[in-house]
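Number of protein chains: 2
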Amino acid sequence: MSVHTTALVPALTNIATRLRIDSVLSTSESGNGHPSTCCSAAEIVAALFFAEMRYDPRDPQHPDSDRFVLSKGHAAPLLYAAWAEAGFIKREHLLTLRRLDSDLEGHPTPRLPFVDVATGSLGQGLCAGVGIALNARRIGSDYRTYVLMGDGETAEGSVWEAADVAAVHKLDSLCGITDVNALGQSGPTQWQHNLEALAARWVAFGWHALVVDGHDLSQILQSLDRARQTAGRPTMILARTVKGKGISFMEGKGGWHGKPIKKGAELDTALGELRSQFVPETGPAPSIAPPKTVRRPPAREGTVGPTAYKLGDSVATREAYGDAIARLGSADDRIVALDADVKNSTFSEKFEQRHPERFYQTFIAEQVMVGAAMGLASRGAIPFPSTFAAFLTRAYDFIRMAAVSNLNVKLAGSHAGVSIGEDGPSQMALEDLAMMRAQPNIAVLYPCDAVSTERLVERAAYHAGPVYMRTSRPKTPVIYGPEESFEVGGLKVIRQSDADVVTVVGGGVTVFEALRAHEALRQQGVHIRVVDLYSLQPIDAASLLRCAAATGGRVITVEDHYPAGGIGDAVASAIASGGFTVRRLAVSEIPRSGTPDELLDRYGISARHIVAAVQSLF
Amino acid sequence: MSVHTTALVPALTNIATRLRIDSVLSTSESGNGHPSTCCSAAEIVAALFFAEMRYDPRDPQHPDSDRFVLSKGHAAPLLYAAWAEAGFIKREHLLTLRRLDSDLEGHPTPRLPFVDVATGSLGQGLCAGVGIALNARRIGSDYRTYVLMGDGETAEGSVWEAADVAAVHKLDSLCGITDVNALGQSGPTQWQHNLEALAARWVAFGWHALVVDGHDLSQILQSLDRARQTAGRPTMILARTVKGKGISFMEGKGGWHGKPIKKGAELDTALGELRSQFVPETGPAPSIAPPKTVRRPPAREGTVGPTAYKLGDSVATREAYGDAIARLGSADDRIVALDADVKNSTFSEKFEQRHPERFYQTFIAEQVMVGAAMGLASRGAIPFPSTFAAFLTRAYDFIRMAAVSNLNVKLAGSHAGVSIGEDGPSQMALEDLAMMRAQPNIAVLYPCDAVSTERLVERAAYHAGPVYMRTSRPKTPVIYGPEESFEVGGLKVIRQSDADVVTVVGGGVTVFEALRAHEALRQQGVHIRVVDLYSLQPIDAASLLRCAAATGGRVITVEDHYPAGGIGDAVASAIASGGFTVRRLAVSEIPRSGTPDELLDRYGISARHIVAAVQSLF
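Heads up: the protein sequence lines correspond to chains U and S, in order. First residue of the first sequence? That's 13 in the numbering used here, and the numbers climb one at a time after it. First residue of the second sequence? That's 13 in the numbering used here, and the numbers climb one at a time after it.
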């Protein structure tokens with residue numbers, strides 16, 4: 013710690029007091045919120061924002077600014093108070109906390125320009141921090157990434173996924189601070205104030221760990237200084253604090269989690285105590301150091317380039333996916349890929365081979381894979397995290413929060429459905445479409461062949477907001493020529509005639525079952541319309557309504573997915589306004605091991621079943 | 013280690029060789045599977061099954077038998093080979109591996125009586141092991157729980173959640189064994205053979221850790237012996253192994269993950285090498301020690317008892333839930349509850365107050381909360397894990413696997429929807445119904461008042477298989493009298509007349525919006541039918557069809573949930589066979605903070621919007 017920063021202690025002390033006062037006032041005004049957890053972290057935030065971090069308080073999104081992630085999102089009033097102190101928001105605006113007409117929400121969201129990722133689901137901030145720190149490397153910036161966590165949230169496994177990955181990637185620009193106030197929501201944490209035990213965990217996970225008194229500004233400043241000087245590994249500062257610090261009736265007491273101070277005598281007492289803690293400012297006033305701006309060429313959208321596939325080629329969509337992201341990565345260096353040790357199954361290894369410096373291995377840890385992608389996306393990268401679609405369920409809370417943040421994350425899940433075959437139900441994604449569609453702003457794509465896959469990878473990359481792409485394990489024939497275009501929100505009518513009596517809507521592998529059914533029925537003189545619903549969300553309702561109307565209102569959906577939330581529900585919802593209903597073919601029970609063809613047939617989604625369903629309508 | 017067990021080494025060596033041979037043969041026969049990972053763990057499994065564990069090989073579900081969880085589920089052929097060696101399954105049956113007509117699936121499922129929980133999604137076994145070990149305490153059994161893990165899977169955060177909880181609960185009957193073969197699917201693990209680094213992690217998490225040579229049976233037996241004698245903390249045995257051990261061309265080689273040996277010359281070579289490893293059996297033959305059987309009274313179903321609520325009382329369903337599980341717990345000691353540090357919000361603290369010995373705190377770690385519940389359920393407990401419904405997304409992969417296993421887990425999620433108010437979107441579950449309904453065998457319940465909540469808690473407890481109950485934050489009026497009955501798969505028509513022109517289907521808080529709309533419309537001379545859809549899955553399609561038919565086919569759904577996968581889709585799917593479609597009112601965008609009433613109105617699901625939707629149909 014330099015003499016300079018030590019001299020700042022009186023001024024920072026007063027900033028911490030002002031942050032406490034603002035946190036108390038805003039939560040009392042709103043009538044709910046978390047003042048106690050703001051009070052425990054006031055010195056930490058004062059030191060970070062007004063002595064340690066380099067940033068531009070007028071431009072929170074400056075690409076070279078140090079980043080701050082409030083993982084303990086319920087301390088939002090403290091964050092807002094810090095940005096008021098920094099001059100970015102007006103102090104009086106703090107009193108709009110949690111109001112419908114205010115962006116100062118109960119937990120931080122990126123509606124606020126100084127919030128990179130929404131927090132409030134505990135244990136996510138450090139994962140995002142990993143991605144934000146990886147991004148600094150990607151863009152050649154020296155910005156540092158600070159993540160403020162609660163002690164209770166370090167029970168979340170995702171924290172240890174992040175710990176492991178940060179150490180593997182030697183992310184020395186990442187610095188975590190744990191506010192160890194020893195109180196969870198419903199009682200003491202399991203470790204209470206045993207900071208040495210907590211430090212031992214971080215050391216065992218390869219981190220530099222420091223234990224400090226979280227209310228001693230000199231110690232905090234010194235530890236931040238040491239963190240900045242530590243090369244080759246990230247630093248975790250474990251700060252012993254008191255929940256409700258500064259307010260006698262709240263300090264270290266249970267029962268104050270998520271409880272504001274009542275206006276009136278109680279609030280007056282608290283404010284009186286806090287105001288008495290102001291000290292004479294003998295030293296210099298703090299000034300915020302600016303970021304080291306790096307000039308960069310403007311980003312430009314790339315393309316996958318012309319297709320190399322020919323009609324009739326047999327290619328798994330997962331392989332076409334890997335190839336497409338690799339090629340797109342050559343045209344746009346914002347494209348990055350993340351893997352959870354299945355790159356040889358998802359074919360993201362093709363990206364790694366071409367762009368090893370933008371390929372991030374998180375090993376078997378899907379939460380940090382998605383969380384790091386969220387952090388990367390929040391700083392301008394276009395990340396493609398991929399694994400087996402089944403294992404994206406592991407990261408659903410992160411996906412949910414990526415949707416809350418509307419982040420530019422491009423999720424890809426391979427090995428969808430029973431068509432994976434012998435590995436059995438644990439490896440089969442049969443709920444992924446439902447899980448993704450449930451988030452109203454996630455685009456859900458499901459290409460059936462290699463050409464549509466590569467075109468949709470391109471569309472996904474430049475679609476604003478989160479995207480999910482489902483790919484399949486088996487090889488499927490290329491059915492689209494190089495001239496075909498595909499849109500987020502589109503579909504393809506791939507068989508049609510004026511004599512069509514039913515519309516059959518499939519996706520992925522079932523498109524080919526529908527084509528087989530079309531051929532079998534044609535030989536019987538029955539004509540069906542076949543739709544490749546490669547975009548489930550948004551969905552081309554107008555075209556579906558036209559198809560339904562043209563085929564007498566008869567619509568059959570067929571999907572390698574459980575019945576709820578997939579293609580059947582998407583189509584039913586899209587055509588309900590026309591008064592049309594849907595006959596659904598889907599996997600309606602927990603499946604078992606077998607060959608792909610056996611399973612498609614056993615679970616009622618093979619061509620034979622489509623033929624029977626068509627015939628049953630007459 | 014006793015002299016007795018040392019003498020078993022030659023026989024165990026030969027068992028390990030037979031397990032390798034069987035694993036190689038079955039995977040070669042099926043043409044897919046994972047022989048290499050079976051080979052690395054053969055000595056570990058031989059030692060566990062034929063020297064360490066006490067169990068009845070003719071009755072794998074014996075309540076006092078030691079338990080074995082194969083967390084590295086892709087080593088399924090090894091598990092099957094062990095049970096063949098133990099005599100429970102016929103050795104020739106092993107060759108049916110992964111066939112549609114065989115229960116010997118690609119990854120283990122409870123279709124097999126010796127499998128407690130399905131595995132194959134890595135990082136789950138230790139969580140289940142925590143629950144299985146907690147169950148031993150519950151039933152007063154001395155059985156021990158062994159969990160065999162891969163090294164790669166310890167990157168999963170859920171493993172560290174389990175590590176923490178096992179240490180907090182001093183689960184000394186739990187013993188993990190990590191098969192450290194240093195090779196993941198797509199490359200070396202991040203730690204490779206640095207076993208001391210791995211051991212440091214377990215020690216830092218409060219475990220007893222031992223490092224052994226995983227192919228040295230004496231060392232394995234000795235470590236199991238030490239684990240058994242360790243009191244007050246669980247033990248992790250870190251076993252240095254070689255992937256593909258015993259087959260020269262596979263040993264320690266990349267590229268052999270998930271790859272069987274080709275029949276013919278390659279297989280002959282492997283078998284020749286393995287057979288040459290048989291040793292003379294100089295010592296005694298192993299015999300499996302029987303479990304210490306404890307006699308227990310038969311379990312009997314209990315009841316919550318008569319309701320204490322009166323019509324018009326104002327009670328949050330989350331509070332009625334807490335009260336109901338507490339009361340049911342007094343009548344049936346199989347009922348247990350688990351919490352992730354929100355017991356004062358979900359009201360599971362009411363259970364803790366009455367039954368502290370059957371209340372398990374996992375702190376802020378939802379994956380192990382659900383995983384431990386899965387383990388408990390697999391051994392006869394009826395667990396009610398609960399947290400905010402939004403945070404159950406964190407455990408979705410566990411919920412998926414609970415569905416694959418059809419386990420008796422009774423999930424409860426509180427604070428559903430925008431009606432929680434000011435805390436904002438991170439705390440609002442708006443996809444939970446979709447997530448749960450997507451699993452075809454999870455019953456999904458959503459009571460709107462206290463009486464239906466307590467009755468449905470009772471139904472949930474004794475419903476065979478997984479159940480999800482959604483509860484709400486705000487207080488709602490009691491609308492059902494003590495005589496009302498509720499069924500999994502039922503609904504209540506709560507307002508009806510011969511003049512009804514529309515059926516409005518709500519659930520939870522929107523039932524009361526529908527009732528308000530009913531009243532407002534009635535004053536205009538318009539009559540609507542109001543349905544409380546307290547069971548979304550299974551769903552009473554017949555009653556919904558009758559309502560739809562009686563109201564001219566006009567059906568409106570209203571839900572505090574995103575549009576996809578919730579009440580709207582459930583009703584639409586249920587009444588499609590009648591040719592009826594649904595007009596859906598749901599939260600169609602990412603919401604923000606505000607008061608509950610403001611948000612219900614802002615997002616289009618308040619009484620006013622229902623009235624408008626009804627009017628728009630005419």
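The beta carbon of each residue, even a glycine, is placed where N, CA and C say it ideally should be.
Of the listed residues the options, nearest to residue i (C-alpha basis)
i, options, result
"Pro309 (chain S)", "S:Asp191, S:Gly152 and S:Gly590", "S:Gly152"
"Lys426 (chain S)", "S:Ser464, S:Asn356, S:Arg339 and S:Ala553", "In the sequence as presented, Lys is not what sits at residue 426 (chain S); that position holds Ser. Nearest C-alpha to Ser426 (chain S): S:Asn356."
"Val421 (chain U)", "U:Glu369, U:Arg346, U:Thr465 and U:Met440", "U:Arg346"
"Cys559 (chain U)", "U:Asp512, U:Pro89 and U:Ser230", "U:Asp512"
"Ala19 (chain S)", "S:Leu37, S:Ala59, S:Gly43 and S:Gly45", "S:Ala59"
"Leu527 (chain U)", "U:Asp510, U:Gly564, U:Arg620 and U:Glu364", "U:Arg620"
"Leu186 (chain U)", "U:Ala243, U:Asp163 and U:Ala216", "U:Ala243"
"Phe524 (chain S)", "S:Lys362, S:Ser114, S:Glu173 and S:Ile622", "S:Ile622"
"Pro437 (chain U)", "U:Tyr492, U:Phe403 and U:Pro272", "U:Phe403"
"Ala94 (chain S)", "S:Gly616, S:Glu55 and S:Gly196", "S:Glu55"
"Gly429 (chain S)", "S:Gln136, S:Ile587 and S:Ile579", "S:Ile579"
9 Å Cβ cutoff, residue i in contact with chain S
i, result
"Leu112 (chain U)", "yes"
"Ser48 (chain U)", "no"
"Thr247 (chain U)", "no"
"Lys355 (chain U)", "yes"
"Pro575 (chain U)", "yes"
First through last residue of the beta strand (DSSP E) which encompasses residue i
i, result
"Ala328 (chain U)", "Ser326 to Ala328"
"Ile366 (chain U)", "Per the sequence shown, the amino acid found at residue 366 (chain U) is Arg instead of Ile. Here Arg366 (chain U) belongs to no beta strand (DSSP E); instead the alpha helix (DSSP H) covers Glu361 to Arg366."
"Asp636 (chain U)", "Residue 636 (chain U) falls outside the range modelled here, since chain U spans only 13 to 630, and no answer is possible."
"Gly71 (chain U)", "Note on identity: in this sequence residue 71 (chain U) is Asp, with Gly being the wrong assignment. Looking at the DSSP string, Asp71 (chain U) is not in any beta strand (DSSP E), and its letter there is neither H nor E."
Beta-carbon neighbours of residue i, restricted to chain U and to distances below 8 Å
i, result
"Gly85 (chain S)", "Ser438"
Interface flag, residue i vs chain U, CB-CB below 9 Å
i, result
"Gly132 (chain S)", "yes"
"Asp76 (chain S)", "no"
"Glu601 (chain S)", "yes"
"Phe375 (chain S)", "yes"
"Val192 (chain S)", "no"
"His427 (chain S)", "no"
"Pro452 (chain S)", "yes"
"Asn44 (chain S)", "yes"
"Asp68 (chain S)", "no"
"Arg171 (chain S)", "Reading off the sequence shown, one finds Val at residue 171 (chain S), where the question assumed Arg. Answer yes: the Cβ-Cβ gap between Val171 (chain S) and chain U drops below 9 Å somewhere."
Under 8 Å by beta carbon: chain S residues contacting residue i
i, result
"Val180 (chain U)", "Gln202"
"Asp581 (chain U)", "Ala576, Gly577, Asp581, Ala584 and Ser585"
Partner residues on chain C for residue i, Cβ-Cβ distance less than 7 Å
i, result
"Ala384 (chain U)", "Among the protein chains in the structure shown, which are U and S, there is no chain C."
First through last residue of the alpha helix (DSSP H) which encompasses residue i
i, result
"His530 (chain U)", "Val521 to Gln535"
"Ala239 (chain S)", "Leu229 to Arg240"
"His46 (chain U)", "Neither: His46 (chain U) is in no alpha helix (DSSP H) and is coded neither H nor E."
"Thr166 (chain S)", "It is not in any alpha helix (DSSP H) - Thr166 (chain S) carries neither H nor E in the DSSP assignment."
"Asp351 (chain S)", "Unbroken run through Asp351 (chain S) is the beta strand (DSSP E), Ile347 to Asp351; no alpha helix (DSSP H)."
"Arg620 (chain S)", "Ala619 to Ser628"
Beta-carbon neighbours of residue i, restricted to chain S and to distances below 7 Å
i, result
"Thr405 (chain U)", "Tyr408, Asp409 and Arg412"
Chain U residues whose Cβ lies nearer than 9 Å to that of residue i
i, result
"His632 (chain S)", "Outside the displayed range of chain S (13 to 630) lies residue 632 (chain S), so it cannot be described from this structure."
"Ser198 (chain S)", "Asp351, Asp353, Val354, Lys355, Asn356, Ser357, Glu361 and Gln373"
Within chain U, the residues that residue i reaches when beta carbons sit closer than 7 Å
i, result
"Pro72 (chain S)", "Residues of chain U passing the Cβ test: none, with the nearest at roughly 19 Å."
"Ala415 (chain S)", "Ile602"
Segments assigned beta strand (DSSP E), at least 3 residues, entirely inside the segment 389-470 of chain S:
394-400, 422-426 and 455-457
So within the segment 537-602 of chain U, which uninterrupted alpha helix (DSSP H) runs reach at least 4 residues, ignoring any that extend past its ends?
553-562 and 579-587
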